[in-house]
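Undergrad:
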Amino acid sequence: MDLGLTGKACAVLGGTRGMGRESVRLLAEEGANVAVISRDPGAAQADFERLAAQHGVEILALPADASRSGEIEAAIGSAIRHFGRLHGLAVTNHWMGPSRTFEAVEDAEWHDYFQNSLMGAVRAARAVLPHMEDNRGGSLVLTTAFSSRAPKPYIPAYAAFKAALNNLVKSLMKAYGHSGVRVNAVAPGAIRTGRYDERLAQLRSKRPEITMQEAEAIMLDRLDMKVALERIGDPSEVAELIVFLLSARGGYINGLIANVDGGTDF
Ligand SMILES: NC(=O)c1ccc[n+]([C@@H]2O[C@H](COP(=O)([O-])OP(=O)(O)OC[C@H]3O[C@@H](n4cnc5c(N)ncnc54)[C@H](OP(=O)(O)O)[C@@H]3O)[C@@H](O)[C@H]2O)c1
């Protein structure tokens, strides 16, 4: 299926690792130019250069910290000036403190979640939506989480701010729909990036006799996550949907919070 993204420009906040990076790869494969925003986008520079050359697209790396007021707005402004128009923005930046009980999470940590998770998305939306409105179209995709709807007791602040993002999607959908701008979210379950990847590697180094499938089953059991597909997801399986929602193929999908969790039980 041609997603109609050839020659268009999109941005990915948090595009250097995990689901964001897979989104950048798929966008490039579709022929889109991409602005990659993260604190250290240079870390993925060599890969991006290879990807850009392979698909004849431009990948523009813009450093910015989502947790700081003004930085994301400036980076998105630069992307708009550079490409002339942004058709889509995916917000996939990620911050998570250690697993803790509710009583152990102090104010400073609640503040970190607020700044990284909620305000990172608010700043990105604030920077891009008026531009999309002026252009009578565009697509913003946020990333929330399975835990936004079915929180576990060990990450209360993470889950609370992800739930706030679900709510924000609905406000923004209503505020900008009149101009043809769509706002959606993906809500991943357990996906093999960052911390999950490390934990799986640790588990398999301690117990080299077990297969990856067995390691995933043990980990899901420890996390008390009942996944109907009985496996952890691959970041590309979330990125596929992000890119579809960014494209005009998702043109009548608005206000969706889409579970990408292999059927995880509430
Ligand atoms: N992995 C899962 O199982 C899972 C489950 C549910 C929901 N999610 C959500 O899915 C999204 C993607 O997660 P992921 O696991 O793919 O993430 P990841 O692999 O940890 O990658 C995070 C990305 O965000 C960037 N980033 C982190 N802090 C930033 C900041 N302050 N400002 C700008 N960029 C920042 C990182 O680059 P720099 O270090 O260069 O800044 C990196 O590119 C997140 O919103 C996460 O909460 C993940």
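According to our numbering, the sequence shown is numbered sequentially starting from 57. Where is the CB? At the ideal position from N, CA and C, for every residue including glycine.
By the three-class DSSP mapping on this structure, what secondary structure does S195 have?
TA: strand
Undergrad: Determine the contact status of V294 and M57, defining contact as a CB-CB distance below 9 Å.
TA: Going by C-beta atoms, V294 is not nearer than 9 Å to M57.
Undergrad: Relative to ligand 1, is the shortest distance from any of its heavy atoms to the C-beta of R205 smaller than 8 Å?
TA: Every heavy atom of ligand 1 is 8 Å or more from the Cβ of R205, so no.
Undergrad: Alpha carbon to alpha carbon, what distance is there between S292 and E337?
TA: Residue 337 lies beyond the residue range present for the chain, which begins at 57 and ends at 322; the question has no answer from this structure.
Undergrad: Leaving aside the five residues before and after L312 along the sequence, list all residues of the same chain whose C-beta is less than 6 Å from its C-beta, in chain order.
TA: Only N240 meet the Cβ criterion.
Undergrad: Does the distance from the C-beta atom of A326 to that of A122 stay below 9 Å?
TA: This structure does not reach residue 326, given that the chain is present from 57 up to 322, and the question cannot be answered.
Undergrad: For L259, which residues of its own chain have a beta-carbon under 7 Å away from its beta-carbon, when the five flanking residues on both sides are left out?
TA: A271, I274 and M275
Undergrad: On a CA-only basis, which of P212, H234 and T199 is nearest N223? Give me that one, please.
TA: Closest by C-alpha distance to N223, out of P212, H234 and T199, is T199.
Undergrad: How is N310 classed by DSSP in three states: helix, strand or coil?
TA: coil
Undergrad: Report the three-state DSSP secondary structure of R182 (helix, strand or coil).
TA: helix
Undergrad: Answer yes or no: the CB of K230 versus the heavy atoms of ligand 1, is any distance below 8 Å?
TA: no
Undergrad: What are the boundary residues of the beta strand (DSSP E) that includes L116?
TA: I115 to P119
Undergrad: Return the chain-ordered list of same chain residues with a C-beta closer than 8 Å to the C-beta of A284, the five sequence neighbours on each side being excluded.
TA: G318, G319, T320 and D321
Undergrad: Return helix, strand or coil for I298, following the three-state DSSP convention.
TA: helix
Undergrad: When every heavy atom of ligand 1 is checked, does at least one fall within less than 8 Å of the C-beta of D96?
TA: yes
Undergrad: Which ranges does the alpha helix (DSSP H) cover as unbroken runs of at least 4 residues, wholly within the stretch 91-167, from first to last along the chain?
TA: 101-111 and 127-139
Undergrad: Give a single yes or no on whether I325 has its beta carbon closer than 8 Å to a heavy atom of ligand 1.
TA: There is no way to answer for residue 325, as the model of the chain reaches only from 57 to 322.
Undergrad: Have a look at N172 and H234 and give me their C-alpha separation to the nearest angstrom.
TA: 29 Å
Undergrad: Check the DSSP bridge columns for A241 and list the partner residues they point to.
TA: L198 and I313
Undergrad: Let me know the secondary structure DSSP gives I274 once reduced to three states.
TA: In the three-state DSSP reduction, I274 falls in the helix class (H, G or I).
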